[in-house]
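Engineer: Take the sequence shown: its letter number 246 is residue 246 in my numbering, and every next letter is one higher. Backbone N, C-alpha and C define an ideal beta-carbon position, used for all residues, glycine too. Since this is a predicted model, take the numbers as computed values, not measurements. Quick one: the structure is below, questions incoming.
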Amino acid sequence: MNSTNDIRRTFLDHFAANDHVIRPSAPLVPYNDPSLMFVNAGMVPFKNVFTGLETPPAPRAASSQKCVRAGGKHNDLDNVGYTARHLTLFEMLGNFSFGDYFKERAIELAWDLITREFGLPADRLSATVYHTDDEAFELWRKIAGLPEERIIRIATKDNFWAMGSDGPCGPCSEIFWDHGPDVPGGPPGSPDEDGDRFVEIWNLVFMQHMQENDQIVADLPRPSIDTGMGLERIATVLQGVHTVFKTDTFRKLIAASEDLTSTRAEGAQQASHQVIADHLRSTSFLIADGVLPSNEGRGYVLRRIMRRAMRHAHLLGAKEPLMHRLVPSLVSEMGQAYPELPRAQALITEVLEREETRFRQTLEKGLRLLDDATEGLGEGDSLPGATAFRLYDTFGFPYDLTEDALRARGIAVDRGGFDAAMAEQKAAARAAWKGSGAAADGELWFDIAEREGASEFTGYGATAGDGRV
Ligand code: ATP
Ligand code: MG
Ligand code: MG
Ligand code: MG
């Protein structure tokens with residue numbers, strides 16, 4: 001009862017019973033939007049429907065969409081493992097009206113699900129509305145009976161959604177759960193709203209205008225609804241815990257990494273286990289959807305996530321590659337809802353093992369260099385950009401991995417210095433090539449190299465050319 005798998009089912013059943021067509025999750029690599037790194041919201045597969053380019057599958061639809069928010073516009077990577085509510089991969093439960101029902105019905109359907117079917121007490125729920133959206137304010141009073149102080153007007157972009165500078169847009173309304181006074185954090189709109197006490201569980205977007213160049217130019221003749229609720233966040237609430245990492249799915253994944261490393265997810269090691277469990281999910285789903293680690297684009301985001309996790313495995317004392325040994329637990333937890341996981345299990349296992357074996361050849365040496373370079377540094381200091389660049393260029397440390405490695409000690413990394421070192425190396429390489437009198441098509445090679453990022457050194461024993469993937 002109330003397992004994550006049950007909650008997904010209850011959500012979809014609720015909307016099916018209210019005449020929504022249930023759509024399967026689309027793959028993480030968007031088919032309809034080359035500008036987007038990964039699908040990061042439930043509405044992404046319906047973008048062309050909302051803009052009128054495609055016909056809707058039905059007037060109403062609902063889905064549980066896998067989303068990745070690492071890299072690109074929404075990037076939660078640096079939060080993951082350290083806040084109670086952010087994951088790199090999560091499932092967004094969504095219901096959509098394509099010019100069918102609007103604000104009133106959307107609020108009714110949402111309120112009915114969370115208070116009647118899920119049985120959440122109304123006195124721990126609050127809603128935000130866009131500051132000018134009196135209609136939504138009134139509906140929250142009428143439908144939910146929320147007292148005025150728990151309908152919070154927000155004037156920022158957090159409560160105004162737009163597809164881009166041109167296209168449909170409109171106010172949104174977010175539902176928050178109060179995890180209780182024992183958890184630090186303030187209500188939405190307050191200075192400490194980013195704490196973990198009041199957590200946003202559901203965002204209802206009311207698409208009612210059209211904009212051009214960021215200016216509203218018209219009202220949509222048939223407004224639409226797009227909503228998104230984080231499955232892992234609602235599971236947190238319904239399972240009576242305060243962080244996504246204590247829900248059933250994550251407890252099982254973390255138990256597996258505890259077993260394999262003979263450590264406990266407590267104290268200083270808690271974040272490492274959380275990062276490993278989260279990154280296992282996102283990397284496995286990305287590989288299942290055809291992304292492979294590389295030095296550019298989507299593949300480099302995947303590599304960054306993998307290597308971050310691998311450093312945490314090393315921190316936990318893992319002497320051998322760890323991540324691939326966690327795949328069976330993931331498949332047993334999520335394989336039924338996502339058959340692409342068992343289908344790609346062998347590939348996921350092989351890719352994870354190969355990457356970790358490879359990265360372990362330079363990881364330890366790089367960490368030693370980092371230790372030496374930060375000797376005597378403390379809270380508020382920063383690591384010179386040139387050192388971060390050396391770690392990147394010679395030891396295969398993505399920039400954000402170095403940042404993550406220094407986070408616990410409060411040491412920052414000099415980004416400007418890192419970028420300058422990168423630019424300098426590229427310029428020097430170009431100059432050396434030109435000076436060598438070699439053929440002009442060398443230019444082409446540099447163009448490719450710049451697009452793909454620096455090649456990586458994988459240990460002194462590696463043969464020439466082995467550094468590239
Ligand atoms: P937050 O303010 O907490 O970062 P958001 O406003 O960025 O969330 P939306 O873009 O409104 O999130 O996405 C809709 C829903 O998806 C959120 O209400 C939340 O339940 C869920 N969600 C968003 N980001 C994450 C994440 N990184 N991990 C897990 N769930 C998420
Ligand atoms: Mg966010
Ligand atoms: Mg938000
Ligand atoms: Mg939101």
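If we count the other Cβ atoms within 10 Å of its Cβ and call it buried at 16 or more, is residue 216 buried or exposed?
Structural biologist: Taking all protein chains in view, the Cβ of residue 216 is surrounded by fewer than 16 other Cβ atoms within 10 Å, so the residue is classified as exposed.
Engineer: I want to see whether chain C comes within less than 8 Å of residue 11, judged by CB atoms only; does it?
Structural biologist: Of the chains in the structure shown, none is chain C; there is only one protein chain.
Engineer: Can you pull the DSSP bridge partners for residue 130?
Structural biologist: 154
Engineer: Let me know the secondary structure DSSP gives residue 100 once reduced to three states.
Structural biologist: Here DSSP, grouped into helix, strand and coil, assigns residue 100 to coil.
Engineer: Going by C-alpha distance, which of 154, 287, 333 and 321 is nearest residue 133?
Structural biologist: 154
Engineer: Please work out which residues of its chain come closer than 7 Å, Cβ to Cβ, to residue 281, disregarding the five sequence neighbours upstream and downstream, and give them in chain order.
Structural biologist: 89 and 330
Engineer: Kindly indicate which three-state DSSP category residue 411 falls into: helix, strand or coil?
Structural biologist: In the displayed model, residue 411 falls within coil according to three-state DSSP, outside both helix and strand.
Engineer: Could you tell me whether any non-hydrogen atom of ligand 4 is closer than 7 Å to the CB of residue 200?
Structural biologist: The answer is yes for residue 200.
Engineer: My parser needs the alpha helix (DSSP H) runs of 4 or more residues fully inside the region 156-238; what are they?
Structural biologist: 231-238
Engineer: How should residue 278 be labelled, buried or exposed, when 16 other C-beta atoms within 10 angstroms of its C-beta is the threshold for buried?
Structural biologist: buried
Engineer: For ligand 2, any of its heavy atoms closer than 7 Å to the Cβ of residue 194?
Structural biologist: no
Engineer: I need the DSSP call for residue 327, collapsed to helix, strand or coil.
Structural biologist: Residue 327: helix per DSSP, three-state reduction.
Engineer: Under 8 Å by Cβ, that's how I've got residue 140 and residue 122 pegged, so tell me the actual separation to the nearest angstrom.
Structural biologist: Not really, about 11 Å apart at Cβ, beyond 8 Å.
Engineer: Under a Cβ-count criterion, where at least 16 other Cβ atoms within 10 Å of its own Cβ denotes burial, should residue 19 be classed as buried or exposed?
Structural biologist: The residue is exposed, with fewer than 16 neighbouring Cβ atoms inside 10 Å.
Engineer: For residue 158, is the beta carbon positioned less than 7 Å from some heavy atom of ligand 3?
Structural biologist: yes
Engineer: Could you check which residue in 213, 378 and 231 has the C-alpha nearest to that of residue 250?
Structural biologist: The option with the nearest alpha carbon to residue 250 is 231.
Engineer: Residue 203: beta carbon under 7 Å from a heavy atom of ligand 4?
Structural biologist: yes
Engineer: Is residue 232 near ligand 3 - that is, is its Cβ less than 7 Å away from at least one heavy atom of it?
Structural biologist: no
Engineer: According to DSSP, is residue 319 part of a helix, a strand, or is it coil?
Structural biologist: coil
Engineer: Let me confirm a value: residue 398 is counted as buried when at least 16 other C-beta atoms fall within 10 Å, else exposed. Which label applies?
Structural biologist: With 16 or more other Cβ atoms within 10 Å, it is buried.
Engineer: Is the separation between the beta-carbon of residue 286 and that of residue 68 shorter than 8 Å?
Structural biologist: yes
Engineer: Where does residue 301 fall in DSSP's three states?
Structural biologist: helix
Engineer: From what residue to what residue does the alpha helix (DSSP H) around residue 251 run?
Structural biologist: 248-261
Engineer: Select from 290, 9, 356 and 37 the residue whose C-alpha is nearest the C-alpha of residue 340.
Structural biologist: 290
Engineer: Where does residue 2 fall in DSSP's three states?
Structural biologist: coil
Engineer: Going by beta carbon distance, what residues of the same chain come within less than 7 Å of residue 219, once the five residues before and after it are set aside?
Structural biologist: Once the five neighbours on either side are set aside, the close Cβ partners of residue 219 are 208 and 209.
Engineer: In whole angstroms, give me the CA-to-CA distance for residue 310 and residue 358.
Structural biologist: 11 Å
Engineer: For residue 91, which residues from the same chain have a beta carbon less than 8 Å from its beta carbon, with the 5 sequence-adjacent residues on both sides left out?
Structural biologist: 8, 25, 64, 65, 66, 67, 230, 231 and 232
Engineer: What does a CB cutoff of less than 6 Å around residue 15 pick up in its chain, not counting 5 residues either side in sequence?
Structural biologist: Within the same chain, residue 15 has close Cβ partners 62 and 95.
Engineer: Can you list, in chain order, the residues of its chain with a C-beta nearer than 6 Å to that of residue 40? Leave out the 5 residues immediately preceding and following it.
Structural biologist: 67, 69 and 74
Engineer: Spatial neighbours of residue 43 within its chain, please: C-beta separation below 6 Å, excluding the five flanking residues on both sides.
Structural biologist: 226
Engineer: Closest to residue 145 by C-alpha separation, out of 160, 125, 156 and 131, would be which residue?
Structural biologist: Nearest of 160, 125, 156 and 131 to residue 145, Cα basis: 125.
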